[in-house]
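These protein sequence lines are chains U and V, in that order. This note's numbering runs 519 ahead of the 1-based position in the first sequence. This note's numbering runs 6 ahead of the 1-based position in the second sequence. For glycine and all other residues, C-beta sits at the position ideal for the given N, C-alpha and C. Remember, it's a predicted structure, so these values are computed and weren't measured experimentally. Here is the structure we will look at.
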Amino acid sequence: MPETTTIYPAAAIHTLDPSRPSAEAVAVSDGRVLAVGTMDELLTIDGAVVDGSLERFTLLPGFVEAHCHTMAGGMWLHTYCGYHDRRGPDGRVWSGCRSMNDVIERLREAEARLADQGVGPDEPLLAWGLDPIYFSGERLIAKHLDLVSTTRPILVMHASLHLATVNNALMEVEGITPDTDMDGVPKDGSGWPIGELQEPAAMSLAGAAFRKFWGRTKSEASLRNFGNEARNAGITTLTDLGNRESTEAAEIERYRTVVDDDGFPARVSVFHMPTPGTPEALADAASAVLASRELSSAKLRFGHVKLVIDGSIQGYTARLRWPHYLDGGNGIWVVPPGQVTDILRPYHEAGLLIHVHCNGDEAVDVFLEAVEALLAESPRVDHRHTVQHCQLTSPGQYRRIAALGMSANIFANHTFFWGDQHVSSTVGPDRAARMNSARTALDLGVPLSMHSDAPVTPLGSLHVAWAAVNRLTTTGTVLGPEERISVPEALHAITMGAAHQLKMDDEVGSISPRKFADLAILDADPFAIDPTELRDVPVWGTMLGGKIFAAG
Amino acid sequence: MDLPRQRLPLMVIGGYLGAGKTTLVNRLLADPQGQRIAVLVNDFGEIGIDEGLLAAESLAAEQDQRSHVLSLANGCVCCSLADGFASALDRVRAMADRLDRVVVEVSGVGEPGKVAQWARTPGFRPDGVLVVVDGSRIREQLADPRIGQTVAGQVADAGLIVLTHGDLLDATDLTAVERSLAQLSAAPILRSPVDPALLFGLEPAPVTGDSDAHPAPAPAHAPAPAHAHAPAHAHAPAHAHANHVTWSLTLARPVPRATLELWQSVRPKGVVRAKGIVRLADAPDVRTIVQLVGDSTSITASGPWTGDEPGDSAGAVVAIAVPGTPRAALVKWLGMLTA
């Protein structure tokens, strides 16, 4: 018999459970949903107490983000310089930097803060999110950052994470000089490095600042930030999709310390990323991943696998079938296509769930061939192997995905953030209109989720759903209207659809009896508003396991 | 200032899955020419690095004379935007005083030229891009729509090509394979098995004293302007099993810088490595170190000229070439420095 039952009436409750899609109230006991129903029904529960604190809100199941990276929380340990307004983990809304002057002003404020805090002059000023493609005129280089400081090293990471801009103080400390001889260190007419460092080898020349930038993303503070960002977005289940250290004691301890703390507002499923090795080493790794499941808790899950096999479409590195990119080129493989079956075999045979990053359709073919081969060798039921990103997948491929018992997790945010570039530069208007084709996937019976891939795009399930429902680009064009899906379908994808792919659909993803009492607490009803406003629905906070967390 | 002797030579070994990269690495580890090697591995492969050849990480101590292996994560070398590879190289830097060189085995689909950029980061210097090609499968691979572009890019990045499984081909096919590789790359082609001395043989040379620690096969003090010479590890050029040829030249007069620069740019086909400690006419008070590896060159100053340098009063150069390289071409090339 449960100890205490609390009944939360709400303005509207959408359970995402078709057996009882709406309710007047939800009864919570011992961190779980005891029942949903009318007030009259729930008041029959012995000893139940009514808590009216959520009565003006709309309740949905807490959102489930099935493709993000927890290191994204560490970005907020640096100064935000991006183009779009963005809300930090503490709730502060950082206005977008719309010009180079805005960037310099933002950095000056950060410099003043460091000085006020008495931070020594050797400690670098680190910033992130710079998106200069939106700026007209001169590009940001060292001489501009020198306006912020000529003594403190400054590193500004671009939004793509492929470039960094540094000031002259940093170049002096790290010995980046006219003698520096490598690709990715452009120089001015007099042979002096301009302060731009392109691609990781050149970026690593930024020495201590570069290492600190990434080092902070692996901290406990980074993880806490990410949990708070999730809470602000109504998300109650997160993923770390691809962590090579997920079976190592120190990393497991970091997760346990942070996630299992009662103050951390989300569940996290940590996927293991294989380290290259021989078949024997992979078999050992598969055993270790399987064993790591025992270390799972109600909030923290280990035991699934993620592999990357191609690059990104906006980076021209995803592998595309004919006719490839508009410029005639094709992308890169991250692992040899002929080896994918061998790499996945030990994990498949160990009974593990496998998610594979396939942005391009050629990569999808390779993954599907591998799953077909593995299922012929070692049949499994209900494996739920998942194609991640799945951006250029054809209807024929979706039919294979469905037939193989697989799922698709679509990168819906792409339409908004890069749709215009896909039309003009990467694949052209026809294929761009077919990208992230959620409508096709659903019509062909593919279990569907959609994701942000934070930090690639900001964490936020309602934005992801909005992108799939409206398919609007940054410039306001509707890209591929036939591939739009309905609000209920989109909300299903970011709750039950994602929970299914994480094999957590009997625990989270809907407001149903026995499931965790994980709720998104919203200030408007997404089923009742204009679908174009879906991303603007205010999130008041979340409930996780019966505990209420107000957004920052 | 980062003196050349403090920078570890970093060699990149690329090539498609199954070409024989790990076999080559194991051969280098088995016969490391007295050198301690850190191997960074980024490959899913049928065979692994032979652990018996390595020092356990936990045993890595000052006196440890063995080599080390570090593995890298999926996608980490070429694609990861985070600091995965930088961290791995930091680990190598931290043990640099126990190492003589670094070998990075790139993933079977990795871009070796891109990875070689890391050799230009602090603590390292480029020591060539070696691409292993499976002679029995290369034409099929180049024609494969999925991987053809990847394999062609790897070959194009090569400073040296190592051709494996050539024994599975008849002479006509072998010539055809070498011709198709030559269309993609000007790099010399070595046929496997490769003598480690060919890849490491000139390293490390004592640049500033300390020659007891790592005795180098220093260029001999020889009177002739250029001559074939049996190196210290005794692979005479005329020997039936010889799989490389070493030539050296001593220098009696300082070399004009322009001559050195021209010389390095016109190396004959077949030259795999060359190294010299040279007194330049416009900088007679310093040692100038010239290193040629595959198609790359570095010319650096390293400390004062002491008079104790190997060779004659203006130093010496030594070159290694693949078997069959015409003697006349090498004699003429080395002779440019005395002209």
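Classification of residue i by the beta-carbon crowding that lies within 10 angstroms, buried from 16 upward
| i | result |
| --- | --- |
| asparagine 747/U | buried |
| valine 547/U | buried |
| proline 290/V | exposed |
| leucine 174/V | exposed |
| lysine 825/U | buried |
| glycine 282/V | buried |
| leucine 340/V | buried |
| serine 741/U | buried |
| leucine 872/U | buried |
| isoleucine 652/U | exposed |
| glycine 726/U | buried |
| serine 541/U | exposed |
| glutamate 315/V | buried |
| methionine 558/U | exposed |
| glutamine 636/U | exposed |
CB contact check: residue i to chain U, cutoff 7 Å
| i | result |
| --- | --- |
| arginine 12/V | The identity of residue 12/V in the sequence shown is glutamine, whereas the question assumes arginine. For glutamine 12/V, the answer is no, since every Cβ of chain U falls outside 7 Å of its Cβ. |
| glutamine 155/V | yes |
| aspartate 301/V | no |
| arginine 99/V | no |
| glycine 309/V | no |
| alanine 188/V | no |
| valine 115/V | yes |
| arginine 293/V | no |
| arginine 42/V | no |
| leucine 94/V | It should be pointed out that residue 94/V corresponds to alanine in this sequence rather than to leucine. By this cut-off, alanine 94/V is not an interface position. |
| glycine 81/V | Since pLDDT at glycine 81/V reaches only 48, below the 50 mark, its modelled position is unreliable, and no value is offered. |
| glycine 54/V | yes |
| alanine 23/V | Here the sequence assigns leucine to residue 23/V, which means alanine is not the residue at that position. For leucine 23/V, the answer is yes, since a Cβ of chain U falls inside 7 Å of its Cβ. |
| aspartate 49/V | yes |
| aspartate 314/V | no |
Of the listed residues the options, nearest to residue i (C-alpha basis)
| i | options | result |
| --- | --- | --- |
| proline 966/U | Leu1063/U, Asp880/U and Glu1008/U | Glu1008/U |
| arginine 42/V | Arg263/V, Gly90/V, Leu16/V and Ala327/V | Leu16/V |
| leucine 863/U | Asn849/U, Arg838/U, Tyr653/U and Val890/U | Val890/U |
| proline 202/V | Arg285/V, Thr29/V, Gly21/V and Arg293/V | Thr29/V |
| glutamate 693/U | Ala678/U, His677/U, Leu682/U and Ile673/U | Ile673/U |
| proline 784/U | Ala1036/U, Val983/U and Phe936/U | Ala1036/U |
| valine 47/V | Pro38/V, Ala36/V and Gly116/V | Gly116/V |
| phenylalanine 654/U | Asp972/U, Met619/U, Thr598/U and Arg899/U | Met619/U |
| glycine 1071/U | Arg606/U, Gly592/U, Leu562/U and Gly870/U | Arg606/U |
| glycine 581/U | Gly999/U, Gly979/U and Glu1052/U | Gly979/U |
| glycine 1072/U | Ala749/U, Glu770/U and Glu1026/U | Lying outside 520 to 1071, the shown extent of chain U, residue 1072/U is not represented and no answer is given. |
| glutamate 888/U | Gln858/U, Tyr866/U and Ile754/U | Gln858/U |
| valine 278/V | Arg263/V, Thr252/V and Glu267/V | Thr252/V |
| phenylalanine 91/V | Ala122/V, Phe206/V, Arg107/V and Leu336/V | Ala122/V |
| threonine 756/U | Pro1045/U, Asp1042/U and Gln1020/U | Gln1020/U |
7 Å Cβ cutoff, residue i in contact with chain V
| i | result |
| --- | --- |
| lysine 731/U | no |
| threonine 797/U | yes |
| leucine 1053/U | no |
| alanine 1017/U | no |
| alanine 720/U | yes |
| valine 690/U | It is worth fixing the name first, because residue 690/U is methionine in this sequence and not valine. No, its Cβ sits nowhere closer than 7 Å to a Cβ of chain V. |
| serine 541/U | no |
| serine 723/U | yes |
| aspartate 702/U | yes |
Legend entry - Chain-ordered residues of the region 646-679 of chain U with a beta carbon less than 7 Å from chain V: none
Legend entry - Cβ contact (3+ pairs, closer than 8 Å) linking the region 970-988 of chain U and the region 922-931 of chain U: yes
Inset, instruction - Name, going along the chain, the residues of the region 124-149 of chain V whose beta-carbon falls closer than 8 Å to a beta-carbon of chain U. - result: Trp124, Arg126, Thr127 and Pro128
Inset, instruction - Select from the region 550-570 of chain U all residues with a C-beta closer than 7 Å to any C-beta belonging to chain V, and list them in chain order. - result: none
Legend entry - Three or more C-beta pairs below 8 Å linking the region 800-810 of chain U and the region 770-786 of chain U: no
Inset, instruction - Assess, as a yes-or-no matter, whether the region 708-720 of chain U is touched by the region 568-581 of chain U under the definition of 3 or more beta carbon pairs within less than 8 Å. - result: no
Legend entry - the region 944-963 of chain U: positions lying closer than 8 Å to chain V by Cβ: none
Inset, instruction - Name, going along the chain, the residues of the region 845-872 of chain U whose beta-carbon falls closer than 9 Å to a beta-carbon of chain V. - result: Gly848, Asn849, Ile851, Trp852, Val853, Val854, Pro855, Pro856, Gly857, Gln858, Asp861 and Ile862
Legend entry - the region 992-1010 of chain U contacting the region 791-801 of chain U, beta-carbon criterion three pairs below 8 Å: no
Legend entry - Members of the region 799-820 of chain U that neighbour chain V once the beta carbon cut-off is set at 9 Å: Glu799, Ala800 and Leu801
Inset, instruction - Would you check if there are 3 or more beta carbon pairs closer than 8 Å linking the region 304-312 of chain V to the region 325-338 of chain V? - result: no
Inset, instruction - Pair every Cβ in the region 94-107 of chain V with every Cβ in the region 1048-1059 of chain U, then say whether three or more of these pairs are closer than 8 Å. - result: no
Legend entry - Interface residues of the region 885-914 of chain U facing chain V [CB-CB below 8 Å]: Val885
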